[in-house]
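Remarks on the structure that follows.
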Amino acid sequence: MATATLPVTSLALEEIELGNPDTMLRDDIDGIFRLVRRQRPIGFDREFPAAGMEPGPGFWSLTRHGDVARVNADWETFSNLPAVGIPTYPTKTSIISMDPPVHTKFRLIVNRGFTPRMIGRLKEQVWEHARRIVDDAAARSADAGDPEVDFVTEVGAKLPTMVIAALLGMPAEDHELIYRLTNTFIAPSDPEYGGSVEQMLAADRAMEEYALGLGEDRRGKSGDDLTSIIVNASITREDGTREHVTDKEFAEFVKLLMIGGNETTRNAIAHGVVLFDRNPGQRTLLLADPERRATQAADEIVRYASPVSLMRRTATRDATVGDVAVREGDKVVMWYRAANFDEEWLDEPYRFDITRHPNDHVGFAAGGPHFCLGASLARLEIGAMLATVAERLPHLEVTGPPVKMRTLSSHGVKHLPVRLGRTA
Ligand code: HEM
Numbered sequence: 080m081a082t083a084t085l086p087v088t089s090l091a092l093e094e095i096e097l098g099n100p101d102t103m104l105r106d107d108i109d110g111i112f113r114l115v116r117r118q119r120p121i122g123f124d125r126e127f128p129a130a131g132m133e134p135g136p137g138f139w140s141l142t143r144h145g146d147v148a149r150v151n152a153d154w155e156t157f158s159n160l161p162a163v164g165i166p167t168y169p170t171k172t173s174i175i176s177m178d179p180p181v182h183t184k185f186r187l188i189v190n191r192g193f194t195p196r197m198i199g200r201l202k203e204q205v206w207e208h209a210r211r212i213v214d215d216a217a218a219r220s221a222d223a224g225d226p227e228v229d230f231v232t233e234v235g236a237k238l239p240t241m242v243i244a245a246l247l248g249m250p251a252e253d254h255e256l257i258y259r260l261t262n263t264f265i266a267p268s269d270p271e272y273g274g275s276v277e278q279m280l281a282a283d284r285a286m287e288e289y290a291l292g293l294g295e296d297r298r299g300k301s302g303d304d305l306t307s308i309i310v311n312a313s314i315t316r317e318d319g320t321r322e323h324v325t326d327k328e329f330a331e332f333v334k335l336l337m338i339g340g341n342e343t344t345r346n347a348i349a350h351g352v353v354l355f356d357r358n359p360g361q362r363t364l365l366l367a368d369p370e371r372r373a374t375q376a377a378d379e380i381v382r383y384a385s386p387v388s389l390m391r392r393t394a395t396r397d398a399t400v401g402d403v404a405v406r407e408g409d410k411v412v413m414w415y416r417a418a419n420f421d422e423e424w425l426d427e428p429y430r431f432d433i434t435r436h437p438n439d440h441v442g443f444a445a446g447g448p449h450f451c452l453g454a455s456l457a458r459l460e461i462g463a464m465l466a467t468v469a470e471r472l473p474h475l476e477v478t479g480p481p482v483k484m485r486t487l488s489s490h491g492v493k494h495l496p497v498r499l500g501r502t503a
């Protein structure tokens, strides 16, 4: 197997600004992370104004796999409160911004919807959805004479939206609305998606109202969709009393699932198409045994693409990370996207290899209480979609570079020009 070229950057270390969303749009971003990880693995970065908000006091950047894993595990010192993005936006999304023991109680409510057994039951349905989405897009494209199309909107985004909507019991006609609102929420620094904190807050309110409407409909009724499970759940409060989940708690939960279920998986699928286009040998490997290799391929895509670029923690007390003294209240940012290429942890990290085993990347976080609740579901969706694309669209051609989202927290692909070509 050929050795991958190592990424480089023309920037000097002191010119690098990891707090600047424009840095993430640079073609040499992988070279930038590599330089930082080798020469300043824990460094302090300044913040830039985000979506019209004043910049915060700056943050520690962790880029090594080991440091990220240690901080991820030590939730008592490194809290998910008050926020997990670098700016503290005035929004909140449920369990991701809680610490144990409260976090544990809330997570348990939805856990049973995401166990391997539950995901196993969805398998057939997800593969079937993937086939239908790909075949419909191919038929539309063939009718139009195989023009250049946007893979993200035509194919990639459809499966995650469909699956999370089905899990939440949302009607099909609302898919488009949820797609738009989650985009505006996640990337307030991207002009195409809203471009301001006001737009982000408006999307937040709209998602909350939508969730409340959904909950109203299911309250007091039994149902196995996640909305019914959450809206009818009770929780033991700190004083020992047992109460129903409040409207606000319910709406935040649903918002988090809408965002987590959509955005990240769609980005992984788009990155996967680019990665297979650049590594045709890996595509052949996938096709040789799609059912078995799909999940393994999904993990390598999540490692290589790191759709969630970072998560922030806030120090609850003075502490040491590596050889750096962190003060209480400091923001500590785990760059999952950099840690996933740490040469001290992984051989040839720049080689895209769907047979890697083990593959203990940090794309879904590094264990810890917040490890991605939807990881098994995401693996299923990414694997099913990419195997289906490889099988049914053997002539698919990526015709231009992916258009990236302007944001620090996600490695997002807004558009990906492709020609779908003849079906198999
Ligand atoms: C490629 C796809 C995905 C990636 C890369 C991803 C990544 C992550 C990461 C890194 C975290 C940890 C946050 C932290 O460290 O604080 C997380 C948490 C979470 N993810 Fe995912 N995710 C994906 C798909 C999904 C899906 C499909 C769902 C649900 C349907 C989901 C739901 C969640 C939830 C609810 C949490 C919060 C867990 C908690 O705080 O306890 N994710 N995800």
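Residue 80 is where the sequence shown starts when you use my numbering, and the numbers rise one by one after that.
All C-beta atoms, glycine included, are put in the ideal place defined by N, C-alpha and C.
Computed from a predicted structure; not experimentally measured.
Relative to the C-alpha of residue i, which candidate in the options has its C-alpha closest?
i	options	result
Ile308	Pro270, Leu246 and Pro180	Leu246
Leu78	Gly224, Leu141, Phe230 and Ala404	The structure shown does not extend to residue 78, since the chain is modelled only from 80 to 503, so the question has no answer here.
Ile165	Ser140, Leu104 and Leu85	Ser140
Gly294	Thr306, Ser301 and Met286	Thr306
Thr374	Lys334, Asn341, Ala330 and Gly462	Gly462
Ala469	Asn358, Thr395, Asn419 and Thr478	Asn358
Asn419	Asp397, Val381, Gln118 and Ala404	Val381
Lys493	Pro481, Ala312, Gly248 and Asp368	Pro481
Ala285	Pro270, Gly274 and Phe264	Phe264
Arg105	Thr502, Arg485 and Pro473	Arg485
Val275	Met337, Glu322 and Tyr168	Per the sequence shown, the amino acid found at residue 275 is Ser instead of Val. Minimum Cα distance to Ser275 is reached at Tyr168.
Pro239	Pro226, Leu475 and Tyr258	Tyr258
Gly408	Glu93, Thr156, Thr82 and Ile108	Thr156
Thr88	Asn99, Gly98 and Ile108	Ile108
Pro473	Arg498, Leu456 and Asp215	Arg498
Pro448	Ala152, His144 and Lys202	Ala152
Pro267	Thr183, Ser173, Ser489 and Asp124	Ser489
Pro437	Ala223, Arg392, Asp378 and Trp414	Asp378
Asn190	Asp225, Leu456 and Ala444	Leu456
Report yes if the C-beta of residue i is less than 7 angstroms from at least one heavy atom of the ligand HEM; otherwise report no.
i	result
Gly446	no
Val163	yes
Ala347	yes
Asn262	no
Phe355	no
Thr486	no
Ala457	yes
Ile175	yes
Arg196	no
Thr344	yes
Arg528	This structure cannot speak to residue 528, because the chain is shown only from 80 to 503.
Val381	yes
Phe443	yes
Gly339	yes
Ile111	no
Leu335	yes
The alpha helix (DSSP H) spanning residue i covers which residue range?
i	result
Ile121	That residue, Ile121, is in no alpha helix (DSSP H); its beta strand (DSSP E) goes Ile121 to Asp124.
Val381	Pro369 to Ala384
Trp206	Pro195 to Asp222
Pro136	Premise fails: Pro136 is in no alpha helix (DSSP H) and is neither H nor E.
Pro496	Premise fails: Pro496 lies in the beta strand (DSSP E), Pro496 to Arg498, not in any alpha helix (DSSP H).
Ile308	Leu305 to Val310
Ile188	Val181 to Asn190
Please state whether DSSP places residue i in a helix, a strand or coil.
i	result
Arg322	The question names Arg, yet the displayed sequence has Glu at residue 322. Of the three classes helix, strand and coil, the one that applies to Glu322 here is strand, per DSSP.
Trp424	coil
Ala282	helix
Leu256	helix
Ser268	coil
Ala236	coil
Ser489	strand
Asp101	helix
Leu160	coil
Gly91	The sequence shown places Ala at residue 91, not Gly. Of the three classes helix, strand and coil, the one that applies to Ala91 here is coil, per DSSP.
Ser140	strand
Ser313	strand
Taking the C-alpha atoms as reference points, what is the distance between residue i and residue j?
i	j	result
Ala129	Asp101	11 angstroms
Glu207	Ser220	20 angstroms
Glu126	Leu160	19 angstroms
Asn262	Lys237	14 angstroms
Glu133	Thr170	16 angstroms
Gly351	Thr315	42 angstroms
Ser158	Ala282	26 angstroms
Ala209	Pro386	20 angstroms
Leu487	Ser388	7 angstroms
Gly292	Pro179	29 angstroms
Val242	Ala251	10 angstroms
Is residue i a contact residue of the ligand COA, with contact defined as CB to any heavy atom under 7 angstroms?
i	result
Val387	Summarising the ligand content, the structure contains the ligand HEM and does not contain the ligand COA.
Which two residues bound the contiguous beta strand (DSSP E) that contains residue i?
i	result
Arg391	Leu389 to Ala394
Thr399	Ala398 to Val400
Ile165	Per DSSP, Ile165 belongs to no beta strand (DSSP E) and is neither H nor E.
Ile461	Note, Ile461: premise wrong, no beta strand (DSSP E); alpha helix (DSSP H) at Ala454 to Arg471.
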